[in-house]
Amino acid sequence: MNSLVETIRDSYFRIGCPKSILVAYSAGADSLALLLGLMTVKNELPIEIVCAHVNHGLRASACADEKLAIDITRRLDIALMVKRVEVSREGNLEAAAREARYTALKQAMRESGAQVIALAHHADDQAETMMMNLARGSGLDGLAGMNEFRPPYWRPLLSIPKSVLIDALKGAGMRWAEDESNQDTVFLRNDLRLNVLPKLERRAPGVAVRMSRTAGLLQDEKDMLENEAASWLSCYAKAERPFFFLMTGPLNKLHLAMQRRVLRALCFQAGVMLDYEQTQRVLSFLSSMPGSILALPKNNLVFLSSQRLHILSDNAKLIDVVWQQPQRALPGEGLGDGMHEQVVDARLINDALMRSVRPGDNIRPLGASGRQTMQKYLSARKIDKPFRAYWPVYAVESKVLWVPGCGVSHEAAIHSDEQPRTKLVFAQALPHEIITDGDK
């Protein structure tokens, strides 16, 4: 029990010493060992513990497990919340049960006011997870296994083998529930647990602990790469719905491994999950001609322009971009930079509004004799196609006077010193602009 308590205590300090902890308590051996260890730590530190038991109703022994959970927590004088959930039997039952369980735990966390949810995954679980992910062809992220702490979930036992937990319970004279479904080797995890990992342990004692340690090392490297990817994306990508893109020039200079990582990270922010084959397909797509489109699952698309790779999320079609009205200022010297400042004829803007492009919008470009549709105008100025439907225009009804980032209309432009003038200042970032932390 001493090594168990020391491991939990050390992990507790590493995650920032939460004051209240919700223990996911199944009444099984793992969660009971975790609960006992936490109770010992509670005697030393000012923490509150509450348990949550989730009854899926899928096994004949589910009600008996619930009763055992109630009996043991009552005997230990620990508050228990029982959550009964309904699990869909269509599709992947194991995944559906897991989703229902975590939903119930989050609800219990909110109701109890706990800061973290403590889960009893141990070194054997971590080794099984690594082997499962390896069998699926996972990369670094999969082989890194489960995190010790990814809020709100805390797994303090990842370095401890199952055998140590069982010994601790036997030493304390405790009884626990056995989940009969854990004996069903139809499930890959159970097959690994019952048939593969024991053989590895016989050939190389302590293999589960060493695999868990390897997972911890890979977690550190994964965290470093995620930080590097996030830093790169902050400089060369935009992820503000509906605009999800990255700059292809800087992307092509990255190592292939980092290209995969930044691409998957941006797609994830857009709500698009890429597997290995899809990621490779998008990377190969980078050599396509500008204007090319690649289909992704669930009606998502990738669009390639001369400078950018756009992720076109299907749900982004429903986004209505709201542009702020430009500020009016004294004109001063010059006519403005055309990007965010423009001096215009003050007589024309009384009824003008800044908004996104609409069908029927048109402009007479400065110096031109005729009018153009906004789609043709923006295309001529090499505005990427995914931006055009959202581009800000300053217009009176369908008559566009100024297009920030592109130019002013012939009517609104200053042609003589006698024209009354005002300066319009557009304070927001244009769709193609990337605002870094240093620019904020």
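All residue numbers for the sequence shown refer to my numbering, where the first residue is 24 and numbers rise by one.
Cβ atoms here follow ideal geometry from the backbone N, Cα and C, with glycine treated the same way.
A quick note: this is a predicted structure, and the numbers were derived from the prediction, not measured.
### Message
Quick check: what's the CA-CA separation for T30 versus R198?
### Response
22 Å
### Query
In the structure shown, what three-state DSSP assignment does P221 receive?
helix
### Task
Identify every residue that forms a DSSP beta bridge with K261.
F268
### Task
Measure the CB-CB distance between A75 and L55 and report whether it falls below 7 Å.
Result no, Cβ atoms of A75 and L55 do not sit closer than 7 Å.
### Message
At the level of alpha carbons, what is the spacing between D343 and Q398?
### Response
Going from the Cα of D343 to the Cα of Q398 covers about 18 Å.
### Task
Mind listing, in chain order, the continuous beta strand (DSSP E) runs of no fewer than 3 residues lying wholly within the region 31-73?
43-47
#### Entry: At least 3 beta-carbon pairs within less than 8 Å: the region 263-280 vs the region 185-192
no
### Task
Look at A118 and V110 and say whether their C-beta atoms are less than 7 Å apart.
no
### Query
Residue range of the alpha helix (DSSP H) that D147 falls in?
146-158
### Query
Which first and last residues belong to the beta strand (DSSP E) in which Q365 is found?
364-368
### Query
Is the beta carbon of R159 less than 7 Å from the beta carbon of M169?
no
### Task
Just grab the DSSP bridge partners of L332 for me.
L269, L327
#### Entry: Cβ neighbour criterion (16 or more within 10 Å) applied to Y299
Counting Cβ neighbours within 10 Å, Y299 comes out exposed, since fewer than 16 surround it.
### Backbone secondary structure at P415 - three-state DSSP
strand
### Message
As a quick exercise: from A412, F410, R287, T396, pick the residue whose alpha carbon is nearest that of L424.
### Response
T396
#### Entry: Among Y413, I140, M154, the one whose alpha carbon lies nearest that of A146
M154
### Task
Going by CA-CA distance only, name the one from Q301, T445, R98 that's closest to P354.
Cα-wise, what sits closest to P354 is T445.
### Query
W177 bridges to which residues according to DSSP?
A141, F172
#### Entry: Closest Cα partner of L60 within the set S49, K42, Y35
It is worth fixing the name first, because residue 60 is Gly in this sequence and not Leu. When each option's Cα is compared against that of G60, the closest is Y35.
### Task
Determine the contact status of V64 and R32, defining contact as a CB-CB distance below 7 Å.
yes
#### Entry: Rounded straight-line distance, which links the Cα of S49 to that of E224
26 Å
### Message
Taking 7 Å as the limit between beta carbons, can you name the residues of its chain near G359, skipping five residues before and five after?
### Response
Q365, V366, K446
### Query
Can you tell which of P320, Q301, A47, L81 has the C-alpha that lies nearest to the C-alpha of Q130?
A47
### Query
From S161 to L241, what distance separates their C-alpha atoms?
Straight-line measurement puts the Cα of L241 at about 13 Å from the Cα of S161.
### Query
Going by Cα to Cα distance, which pick from G393, V448, A452, P388 is closest to Y413?
Looking at the Cα atoms, A452 is the closest of the given residues.
### Query
Which residues in the same chain have their Cβ closer than 7 Å to the Cβ of L220, if we skip the five residues on either side of it in sequence?
D147, A150, E151, A231
### Message
Taking the beta carbon of C40 as the centre, do at least 16 other beta carbons fall within 10 Å, making it buried, or is it exposed?
### Response
exposed
### Task
Would you mind stating whether L128 and I140 have Cβ atoms separated by less than 7 Å?
yes
### Message
At the level of alpha carbons, what is the spacing between P184 and D164?
### Response
22 Å
#### Entry: Integer Cβ distance of L319 from Q347, believed to fall under 8 Å
Rounded, the Cβ-Cβ distance is 32 Å, inconsistent with contact.
### Message
Strictly by DSSP, which residues pair up with N385?
### Response
T396, K422
### Message
What does the Cβ neighbour count give for E171, buried or exposed, with the cut at 16 atoms within 10 Å?
### Response
buried
### Query
Which residue's Cα is closest to the Cα of G80: E71, L27, D202, R233?
D202
### Query
By Cβ distance, which residues of its chain are closer than 6 Å to R351, with the 5 residues on each side in sequence left out?
T445
### Task
Put T445 into one of helix, strand or coil per three-state DSSP.
strand
### Message
Can you look up S432 in the DSSP assignment and give me helix, strand or coil?
### Response
strand
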